[in-house]
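2 protein chains.
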Amino acid sequence: MFSMRPIGYVKSAYSQTREIPKGLGAQHEAEGSLDVLPEFEPGLKDIEGFSHLIVIWVFDRAAGWELVGVPPTDDRPHGVFATRSPRRPNPIGLTVVELIAREGTMLRVRGVDMLDGTPILDIKPYLSNVPPERLRRGWLAEAEARAAGGKS
Amino acid sequence: MFSMRPIGYVKSAYSQTREIPKGLGAQHEAEGSLDVLPEFEPGLKDIEGFSHLIVIWVFDRAAGWELVGVPPTDDRPHGVFATRSPRRPNPIGLTVVELIAREGTMLRVRGVDMLDGTPILDIKPYLSNVPPERLRRGWLAEAEARAAGGKS
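What follows is the structure in structure tokens.
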């Protein structure tokens, strides 16, 4: 077992899960902030040079987990490791946000899909993309194609 | 505090940190596998449709952490949250790998930069890129430019 502790908390307009856009075509343009605990401030040195950050956080309000489930983006069941479901063996969430500005220990960001008060475990710079011509998106691409075609 | 437990382990050709390519222009094309524990096998359903996976893992052999350090890609110090340093407040690593094949609970992957036996906390599908025209890479781009220009 590994013990992890918050390095900060998310400030977000979402206080309930149902307020967060979900499903096919959901856009995450909401602004919010990553409020890093003062003791970790030196760790933010030079972060303002990066346009995008990877935030690793805890689904602290998810109850339990299931190995197979139906995601909001499809009407068919998929394995939890093939989805972004909050109900995971380790309740770890990951969001790529755009860094708007740094104000001391507060990082103002765009693309928040976390609840207000969500504990943050780590922040990393986003460095590179997967070559688009090599990216395949499995059942999600199939669900999008079915939705676009109006049939299941 | 949050407790996390391994859902599997990395199989890799690297048994020591110094064998892993580091620094500017390091390529991670090594093949290896993500060996998921049998109890979590149902969670892999439909994962084979995705070309790339995000692996969240533990730097289990990193000793301690520091908030500011000099990364192998530069000769200047940067904050830990602006680097991929293993010496982090929570020793969480993240690697995007290409999925070559699934064989039961074993995912054969390319792009391994973890040590053999590294504990895996989570696997998620890689779904989308940051728009390339909006991606800025801060001190890393500056270090690359200096290296290319042959001056510091």
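Residue numbers (the numbering used here), protein chains in the order written: chain A, 1157 to 1308; chain B, 1157 to 1308.
From the three backbone atoms N, C-alpha and C, an ideal C-beta is built for every residue, glycine too.
Item                                                                                                                                : Value
Burial state of alanine 1126 (chain B) (16 or more Cβ within 10 Å)                                                                  : Residue 1126 (chain B) lies beyond the range of chain B shown here (1157 to 1308); nothing can be said about it.
Listed by chain order, chain E residues near tyrosine 1170 (chain A) by CB distance under 8 Å                                       : Given the protein chain composition of this structure (A and B), no chain E is represented.
Member of B:Pro1194, B:Glu1222, B:Ile1176, B:Ile1276 whose CA lies at the smallest distance from the CA of glutamate 1259 (chain B) : B:Pro1194
Rounded separation between histidine 1184 (chain A) and glutamate 1175 (chain A) - CA only                                          : 12 Å
Same chain, Cβ closer than 6 Å to threonine 1274 (chain A), five either side skipped, listed in chain order                         : Val1166, Trp1213
CB contact below 8 Å: alanine 1182 (chain A) versus chain B                                                                         : no
9 Å Cβ cut-off: residues of chain B touching aspartate 1272 (chain A)                                                               : Correct list: empty, because the minimum Cβ distance to chain B is about 18 Å.
8 Å contact criterion, which leucine 1271 (chain A) and serine 1171 (chain A) should meet: CB distance rounded                      : 7 Å
Serine 1159 (chain A) at chain B interface by Cβ criterion, 8 Å                                                                     : yes
Inter-residue spacing [alpha-carbon to alpha-carbon] between proline 1177 (chain B) and glycine 1199 (chain B)                      : 31 Å
Local conformation of threonine 1261 (chain B) per DSSP, three classes                                                              : coil
Cβ-based burial, alanine 1301 (chain B) [other Cβ within 10 Å; buried from 16]                                                      : exposed
Chain A within 8 Å of proline 1177 (chain B), Cβ atoms only                                                                         : no
Residue of B:Pro1288, B:Val1252, B:Arg1266 minimising C-alpha distance to leucine 1209 (chain B)                                    : B:Val1252
Identified DSSP bridge partners for lysine 1167 (chain A)                                                                           : A:Ser1189
C-alpha gap between valine 1226 (chain A) and alanine 1303 (chain A), whole angstroms                                               : 16 Å
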